[in-house]
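Protein chains in written order, with this note's numbering: chain R, 12 to 409; chain S, 12 to 409; chain A, 2 to 355; chain B, 2 to 355. All C-beta atoms, glycine included, are put in the ideal place defined by N, C-alpha and C.
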Amino acid sequence: MDLSFGPEYDDFRSDVVNFLDKNSDKAPKGGDMRGEQAKDWQKLLIENGYTCRTIPKEYGGFGAEPDIIRSRIIGEEFSKSRINPGLGGQGISMLVPTLLEMGTEEQKQKFIRPTIHGDMIWCQGYSEPGAGSDLASLTTAAVLDGDEWVVNGQKIWTSTAHLADWIFCLVRSEPEAPKHKGISFLLFEMTTPGIEIRPLVDMTGVANFNETFFTDVRVPKNQIVGERGQGWQVANAILGHERDTLAPPNTAQTRINALVELMKTETAGGERLIDNPIYKDRLMKLQGRVLAMKYNDMRVLSSRLNPGQDASLSRMITKLQGTELRHELEGLAIDIMGEVGLSYDDNPHLRGAGSWQREYMYYLGLIIGGGTSQIQKNIISERGLGMPREPKIEKKAV
Amino acid sequence: MDLSFGPEYDDFRSDVVNFLDKNSDKAPKGGDMRGEQAKDWQKLLIENGYTCRTIPKEYGGFGAEPDIIRSRIIGEEFSKSRINPGLGGQGISMLVPTLLEMGTEEQKQKFIRPTIHGDMIWCQGYSEPGAGSDLASLTTAAVLDGDEWVVNGQKIWTSTAHLADWIFCLVRSEPEAPKHKGISFLLFEMTTPGIEIRPLVDMTGVANFNETFFTDVRVPKNQIVGERGQGWQVANAILGHERDTLAPPNTAQTRINALVELMKTETAGGERLIDNPIYKDRLMKLQGRVLAMKYNDMRVLSSRLNPGQDASLSRMITKLQGTELRHELEGLAIDIMGEVGLSYDDNPHLRGAGSWQREYMYYLGLIIGGGTSQIQKNIISERGLGMPREPKIEKKAV
Amino acid sequence: MRFGLSEEQTLLKDNVNRFLEDNVPLDKVREYADGGSDSTIWQGLSDLGIPALLTPEEFGGVGLKPLDAAIVAESLGQHIAPGPFLGSAVMAPFALSNSPEGFGELLSKIATGEHRVGIAFGEAIARRNQASVHVKDGKVDGTSLFAFDAEADSYLVADQNKNMFLVSADDDGISRSNLTTVDRTRRTVELTYSSASAKPVSTDSNLFDRTLDLGRVMLAADTLGAAQSMLDQAVEYAKQREQFNRPIASFQAVKHMCAEMAASLEPCRAMVWFAAHALSDVPEEARLTACHTKAHLAEVGQFVSRTATEVHGGMGFTDLLGLHYWFKRIGANRQWLGAPEFVRSEAAILQGVD
Amino acid sequence: MRFGLSEEQTLLKDNVNRFLEDNVPLDKVREYADGGSDSTIWQGLSDLGIPALLTPEEFGGVGLKPLDAAIVAESLGQHIAPGPFLGSAVMAPFALSNSPEGFGELLSKIATGEHRVGIAFGEAIARRNQASVHVKDGKVDGTSLFAFDAEADSYLVADQNKNMFLVSADDDGISRSNLTTVDRTRRTVELTYSSASAKPVSTDSNLFDRTLDLGRVMLAADTLGAAQSMLDQAVEYAKQREQFNRPIASFQAVKHMCAEMAASLEPCRAMVWFAAHALSDVPEEARLTACHTKAHLAEVGQFVSRTATEVHGGMGFTDLLGLHYWFKRIGANRQWLGAPEFVRSEAAILQGVD
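What follows is the structure, encoded as C-alpha cells:
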C-alpha cells in the first residue's frame with residue numbers, strides 16, 4: 012500500500028497550481044463553450060498540456076505520453092479551484108479517441124485539430140427509439156447511391172444536436188448481415204439537407220437531449236470510419252469509457268459534504284436536521300457507501316498504474332453502484348427538508364439552487380442511461396462472475 | 012365496508028368460548044400428538060365441530076357446510092386462549108382434502124377416519140434433491156411389476172417421515188410421457204421394506220425435516236389416487252392452499268407485539284431500546300407493513316365470503332410479502348439486542364426462548380421453501396399481471 | 002362481513018373515473034402544468050357532487066364518509082388530476098362542519114364548488130424556517146409556507162398550537178405568492194399575513210388532529226391511485242416494447258420488478274380502505290392507522306414510482322409519455338402533511354412511546 | 002502509488018489460505034462446532050507466525066502492520082476458521098505493546114501462541130443488562146458478557162471508562178461459563194469476577210479506542226472473507242444446479258442476485274484494505290474509516306449472506322453444505338464490538354455531530 016504519488020508528481024502539482032494562480036482570470040465562467048474566450052482558454056490549456064494531453068502534436072494536441080497520475084492531478088486541481096478545465100463534449104471525449112484508434116490518416120488530419128480546439132462541435136447518433144438496451148438492433152438505414160450514402164431514420168438522446176456542426180452516427184448499411192455485422196460508423200455535417208432536430212425535454216424539465224430525424228440525408232462515401240459493417244466494433248472500442256465517467260466517486264464525496272452542510276443549517280421544529288438521529292443514521296449509512304466507492308476508485312486507478320493488479324470487477328460495478336448511491340443521496344436531502352424539499356425552479360425557498368431535486372431525477376436517468384442497471388447486472392454476472400448468458404431467442408419471422 | 016360478522020356469529024363465538032372454558036383441562040399441553048389424551052381431545056373437537064368441521068360425517072368428520080367465518084372464529088378463540096386446536100400435520104391438511112376431491116370411495120372410507128382421529132399419521136413425498144422449484148422434473152421411479160408398483164428413488168423435506176405411518180408420494184410412472192404427464196400419486200406404508208429415513212438438520216440446528224430413500228419399495232397397485240400419469244393434477248388440486256398458510260398475518264401481529272415488549276424491557280447504556288429513535292423508526296416501519304398485510308388478509312377473507320369480490324392478487328402476494336416481513340421483523344429484534352441477540356440454545360441470556368434467532372432463520376427457510384421468492388415473482392408477474400412466460404428451453408439431449 | 006367497496010362506492014368510482022378519463026387526459030394536465038387553470042375540471046367534478054361528498058346533508062351536502070372520499074382521491078391520483086379536492090372537498094368541510102362556530106352558509110357554497118378553501122397547516126405540523134402564524138384579537142400575522150391550493154377563496158390556517166382559523170384570500174392583510182415545486186399537477190403558495198382578519202374555527206386540538214388524519218389518508222389514497230397507474234403503465238409498456246427480439250416483459254428481471262411493485266402495492270389498497278373506514282367507524286384505531294397509512298404509502302409510492310420509471314427505460318426519463326408527472330406527484334404526496342419519518346414518530350407517540 | 006497488496010502480503014495470504022485449505026476444511030469446523038478443540042489449528046497458525054504478526058520485533062514478533070493482519074482475518078473468515086486470532090494475535094498484542102506498564106515477557110509468549118489472550122470489552126462499548134466491571138486497588142468485581150475466546154489464558158478487560166486491565170483466567174476470583182450463540186465457529190463466555198487480580202494495562206482512552214478500531218477492522222475483514230466465500234459458493238452452486246432443464250445460473254433472477262452481491266461486496270475489499278492501512282499510516286482518517294468499515298461490512302455481509310443462501314434454495318437452508326456456518330459467522334461479526342447503528346452513531350460523533 013503506497014498512497015503517495017512521489018516527488019516528481021509533487022512538482023507537477025505545483026506547476027498546475029501556479030498555472031491556475033497566474034491564469035485564472037483568462038478562464039471563461041459559465042457554460043458558453045463556443046465563444047472566443049473559451050477557444051483561447053482551450054488553446055492555452057493544450058499548449059500547457061492541461062487538456063488533450065496525450066493527443067499527438069501533429070493533430071493539434073500536447074503530445075505527451077499517457078500518465079494517469081498527471082491526468083488525475085490536473086483534474087483534482089482544476090476541480091479544487093473551480094476553474095474551467097477546458098472544452099468537453101462527445102467530440103473530444105468519444106470521437107477523437109475513436110479516430111485515433113480506427114480513423115484514416117486523412118480523417119485524423121481533417122477532424123482532430125478543429126475538434127479539440129472548439130472549432131468543430133459533434134453530437135453522437137447511436138440510440139434510436141427502438142434500439143436502447145439492444146443498441147445493435149438499430150434501423151437507421153444507409154444505402155449507397157453512387158458516391159454517397161443516403162441516410163434515413165431517427166436517432167434519440169443526441170445530446171448537443173442543436174449546437175453541433177457534425178454528427179458521428181451508427182447506421183445500418185448491410186441489412187442482410189447479422190445485426191452486429193451490418194452497422195457502419197458515418198460522419199456528416201449537421202447542415203446537410205434532410206436533418207431535423209427536435210428538443211427532447213426530460214423529467215428534470217430541461218431539454219438536455221434531442222431527437223434527430225434523417226430524411227434522405229446524403230453523405231460522401233468516404234466519411235466512414237472503419238470498413239462497411241465494422242461500425243459496431245468501431246463504436247465499442249471506446250463505449251466502455253463512457254460508463255466509467257457517469258458516476259465518479261469524487262462528486263459523490265462533494266455532494267455528501269454539501270448534504271452535511273445542508274443538514275447543519277436546516278432546522279425543523281427548532282432542531283438542526285443533523286441532530287435528528289434517524290436522518291443522521293441515514294446520512295452515516297450513505298457516507299459509508301461513499302467511502303467504499305472512493306477506495307474502490309483508488310483501487311481502479313492503481314490497477315491502471317500497476318501491471319498485474321486486477322480491478323476489473325471493481326470497475327465493472329462502478330456505474331451500477333455509483334448512480335444508485337447518488338440517487339439515494341439526493342433523495343435523503345429531499346426527505347429531510349419536508350415540503351421545502353419539493354421546491355423547484357423559481358421557488359424562493361430553493362436550496363442548493365434546486366440541485367437536490369434535479370440531481371435526484373437526473374441520477375434516476377443515469378440509472379437507466381448508458382446501459383440500464385439491468386444490463387449492468389447482466390454484464391457483471393456474465394463477464395465478472397462467469398455465469399452463462401441467457402439462451403438466445405432468434406428473430407421471429409415477420 | 013362491514014367488518015362485523017353479524018349476531019348469529021356472536022352466538023357462535025360465545026359457544027366456542029364456553030366450550031373452551033369448560034373443557035380446557037382436557038386439552039393436551041405441548042407437542043405430543045400421538046398420546047391418548049391428544050386423540051381424545053381430537054375426538055371431542057370433531058364431535059363439537061371445532062376441527063375437521065366440513066369433513067362428511069360418513070368419513071368421521073363433523074359434516075358441516077363450509078363457513079369461513081365460523082372457521083375463523085374457531086381459529087381466533089383457540090389462538091387467543093392458547094388451547095391446543097387439535098391435530099395438524101400434512102395428512103389432515105393436505106391428503107384428506109385431496110382424497111375428498113380425487114380419491115375413490117374405498118380410499119375415502121379407508122383413510123380419512125383414522126387420519127383425522129390421529130390413528131394414521133402421514134408424511135409428504137414431493138420434493139427431491141434434483142426437483143425443487145422444478146418439482147415436475149422429479150425422478151423417483153415407480154415401475155409396475157404384476158400387481159405392485161416398485162418404487163426407487165429419494166425424497167427430501169419429508170417433514171414427519173420419522174413419525175409417519177404412511178406417505179403420500181409423487182413418483183414417475185410413465186418415463187416416456189412429457190414431464191407433467193408422467194407422474195402418479197401413490198400412498199404407502201412407511202413400514203414397507205426398502206424405506207430408509209435420515210434426519211435432515213437445517214440451519215436452525217434442528218432436524219425439522221428428513222431425507223427419505225426408497226429401494227425396491229413394493230406398493231399395491233390400487234394404492235394410487237387418480238389415474239396413472241395424473242399425479243401432477245392430483246397434487247396441484249390442493250398445493251395452492253399450503254402457500255396461504257406459510258406466513259399468516261396474525262402471527263406477524265403477535266410477533267411485533269412481542270418485539271415492542273422486548274424493546275420496552277431491554278436497555279442499552281441505561282436507555283430503553285424503544286427510546287432509541289433509530290430502532291423506533293425501524294419498528295414503526297415494520298408495524299406499518301404488518302398492518303398493510305393484516306388488512307390485505309381481511310380483504311382475502313372477504314373475497315371468499317362475497318362472490319364477485321376479486322382479491323386474487325392480494326392472495327398471490329401473501330407468501331412473498333409475509334415471509335420477507337417476518338424475516339426482517341425477527342432480524343430487527345436481533346439487531347437491537349447487540350451481542351445478546353446472538354444468544355442461542357442453552358445461553359442463559361436467551362430472550363424469548365431463542366425464538367428471535369430461530370424464526371429469523373426459519374423464515375429465511377420459508378422465503379425459499381414452498382415456492383421460492385423467485386418462483387413467487389414469476390407467478391405474480393405471469394398470473395397476476397399477465398406478463399409472458401419465459402421462452403421455454405427444451406430438454407437437452409443427454 | 003364485507004371488506005371492500007359497496008355497490009354505491011363502485012358506482013362512484015366508475016363515475017369519477019369516467020369523467021376523468023374523458024375530461025382530464027394527460028394533455029389537459031400538461032395545460033395546467035404549463036400555467037393553465039383547473040376551473041373547468043373543478044366545475045365538472047362539482048357537477049358530479051364531489052365537493053359536497055363529506056358535507057352534512059343539512060348544509061346541502063351528501064353526507065358521505067371518508068371511505069367515499071378516499072375512493073375519489075384514488076381516482077384523482079390515478080389521473081393526476083389538478084384541483085382543490087384535498088382542501089376544499091375534504092379537510093375544510095370536515096373541520097368547518099365540526100366547528101362550534103357555525104359555518105352553515107359557507108359550507109353550502111363549498112358543497113357547490115363555488116367557494117374553494119385551501120389549507121395552510123405547515124406550521125402546525127413540522128415548523129421550518131422560522132415561519133410562524135400568530136393570531137391575536139382576531140387578526141393574524143406571520144407566514145404559512147406550502148399552503149394549497151393556489152386559487153382558494155379562503156384558507157383554513159392552523160397555528161403552532163393547533164388552533165384553526167379561516168382567512169379570506171381577498172383580505173387586504175394577506176398576500177399570496179406562488180411556490181413552484183416539482184409537482185406541477187397541483188400548486189402551492191406562500192401566504193403572508195399582516196393583520197389579516199382571522200375567523201376562529203376551533204381551539205380543539207383533537208379536531209385539528211382528525212382533520213389532519215383525514216388529509217393524510219387522502220394523500221395516501223392519491224398515491225395509491227398514482228402508483229397503481231404507474232405500475233399499469235409499466236406492465237403495458239413492457240408488453241409492447243421489444244428489445245433483443247422479444248417483449249421486455251418476457252425478461253425475468255423486468256417481470257420481477259413488476260411483481261415486486263404489485264406485491265408492495267396490492268396490500269396498500271386494503272390499508273387505504275381500512276384507514277379511511279376507520280376514520281368514521283373504528284375511532285379507536287383511526288389515528289394510528291392514518292399515520293401508518295400515510296407513511297407506508299409514501300415508502301411504497303417511492304419504490305413503485307422509481308421502479309416503474311426504470312421499466313420504461315429512457316422513455317420513462319423523457320417528457321414524451323409524461324410519466325414523470327406521476328413520479329413527482331407521488332414525491333409531493335410523500336412530503337405534504339408530514340414526511341414519513343415524522344409521521345412514524347407520531348405513530349410511536351400515539352402508542353405511548355416518545 | 003500502489004493501492005493494494007504488496008508481493009509479501011500476497012505471499013502471506015497464499016500461505017495462510019493454503020494452510021487453512023489443508024487443515025481447516027468444513028469437517029474440521031464442524032468438529033469444533035460440536036464441542037471440539039481449536040488447539041491444533043492455532044498451533045498450525047502459530048507455526049506460520051500468525052500470533053507474532055503485530056508484536057514488535059523487540060518482543061519476538063514480526064512487527065507487521067494492521068493491513069497484514071486484515072489479510073489474515075479475511076482468510077480466516079473465508080474458511081470460517083475457529084481460533085483466538087482477533088484477541089490474541091491482534092487486539093491484545095497491540096494494546097499490551099502500547100501499554101506503559103511493560104508486558105515484554107508476556108508478549109513473547111503471546112507471539113509464540115503458547116499464551117492466549119481473550120477480550121472482554123462489552124461493558125466499555127454498549128452496556129447492557131446491568132453487567133459492569135469495577136476495579137479498585139488492583140482487584141476487579143463484576144461481570145463481562147460475551148467475552149472471546151473461551152479458552153484464553155488471560156483476558157484484556159475494559160471497564161466503562163475505557164481503562165484496560167489484564168486478568169488471568171486461572172485466578173481464583175474468576176469464573177467462566179460458556180455463552181452459546183448461533184455462531185459455533187467461535188465461542189464466547191461470561192466472566193464473573195470476584196476480587197480477581199487485575200493488572201493495569203492502560204488508563205488512556207485513546208489506546209482503548211485504537212485497540213477497538215483495530216478489532217472492528219478485523220471483524221470487517223473476517224466478514225469480507227466469509228461473504229466472498231458465500232458469493233463464490235452461490236455462483237458455483239448456480240452453475241451446477243439444474244432446474245427447468247438449464248443451470249439456474251442462466252436465469253436472469255439468479256444472475257442479478259449474484260451481480261448485486263458482487264456489486265455490493267467488491268468495493269468492500271478496497272474499503273477494508275484502506276481502513277486497515279489507515280490504522281497505521283493515515284491516522285487522521287483511521288477512526289472514522291474504522292467505524293464506517295465495521296458498519297458497512299455488517300450491512301453488506303447481511304445482504305450477501307441472505308442472498309447467497311437464497312441462491313442455494315432449500316440446500317442453503319440445510320446443514321448438508323454447511324453454508325449456515327458462514328451465515329451465522331457474518332451475523333455474529335455484525336453484533337460483536339458494536340452493532341451497525343451504534344457504530345454509525347460513533348462515526349457521527351467523530352465528525353462533531355452528536
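For chain A, check one thing: does any of its Cβ atoms lie closer than 8 Å to the Cβ of residue i?
{"i": "lysine 291 of chain S", "result": "yes"}
{"i": "histidine 257 of chain B", "result": "yes"}
{"i": "glutamate 117 of chain R", "result": "no"}
Are any of the Cβ atoms in chain R nearer than 8 Å to that of residue i?
{"i": "glycine 123 of chain A", "result": "yes"}
{"i": "proline 125 of chain S", "result": "no"}
Tell me the rounded alpha-carbon separation between residue i and residue j.
{"i": "asparagine 233 of chain S", "j": "leucine 174 of chain S", "result": "24 Å"}
{"i": "threonine 151 of chain R", "j": "proline 268 of chain A", "result": "45 Å"}
{"i": "aspartate 282 of chain A", "j": "aspartate 356 of chain R", "result": "43 Å"}
{"i": "glutamate 311 of chain B", "j": "valine 218 of chain B", "result": "28 Å"}
{"i": "phenylalanine 20 of chain A", "j": "histidine 116 of chain A", "result": "21 Å"}
{"i": "glutamine 352 of chain A", "j": "glutamine 298 of chain S", "result": "12 Å"}
{"i": "phenylalanine 400 of chain A", "j": "aspartate 145 of chain R", "result": "The displayed coordinates of chain A run from 2 to 355. Any statement about residue 400 of chain A would go beyond what the structure contains."}
{"i": "lysine 330 of chain S", "j": "glycine 317 of chain A", "result": "31 Å"}
{"i": "glycine 114 of chain B", "j": "leucine 77 of chain B", "result": "16 Å"}
{"i": "alanine 239 of chain B", "j": "leucine 180 of chain A", "result": "54 Å"}
{"i": "methionine 165 of chain B", "j": "alanine 148 of chain B", "result": "14 Å"}
{"i": "aspartate 150 of chain A", "j": "histidine 325 of chain A", "result": "21 Å"}
Using 8 Å as the limit for Cβ to Cβ distance, is residue i near chain S?
{"i": "proline 359 of chain R", "result": "no"}
{"i": "serine 133 of chain A", "result": "no"}
{"i": "arginine 188 of chain A", "result": "no"}
Under a Cβ-count criterion, where at least 16 other Cβ atoms within 10 Å of its own Cβ denotes burial, should residue i be classed as buried or exposed?
{"i": "arginine 211 of chain B", "result": "buried"}
{"i": "isoleucine 79 of chain R", "result": "exposed"}
{"i": "glutamate 191 of chain A", "result": "buried"}
{"i": "alanine 340 of chain B", "result": "buried"}
{"i": "alanine 349 of chain B", "result": "buried"}
{"i": "serine 314 of chain R", "result": "buried"}
{"i": "serine 155 of chain A", "result": "buried"}
Just checking my contact of residue i with residue j at CB under 8 Å: how many whole Å lie between their CB atoms?
{"i": "glutamine 332 of chain S", "j": "alanine 254 of chain B", "result": "Not a contact, Cβ separation roughly 17 Å."}
{"i": "alanine 34 of chain A", "j": "arginine 185 of chain A", "result": "4 Å"}
{"i": "tryptophan 327 of chain B", "j": "isoleucine 72 of chain B", "result": "Not confirmed; about 19 Å, so no contact."}
{"i": "arginine 229 of chain R", "j": "serine 195 of chain R", "result": "Not a contact, Cβ separation roughly 15 Å."}
{"i": "serine 323 of chain S", "j": "arginine 310 of chain S", "result": "In fact, because the Cβ distance is near 11 Å, the residues do not count as touching under 8 Å."}
Among the options, which one has its Cα closest to the Cα of residue i?
{"i": "glutamate 69 of chain S", "options": "S:Gln118, S:Lys166, S:Ile84, S:Val230", "result": "S:Gln118"}
{"i": "glycine 102 of chain S", "options": "S:Pro204, S:Ile267, S:Thr169", "result": "S:Thr169"}
{"i": "leucine 27 of chain B", "options": "B:Leu322, B:Pro52, B:Gly315, B:Asp39", "result": "B:Leu322"}
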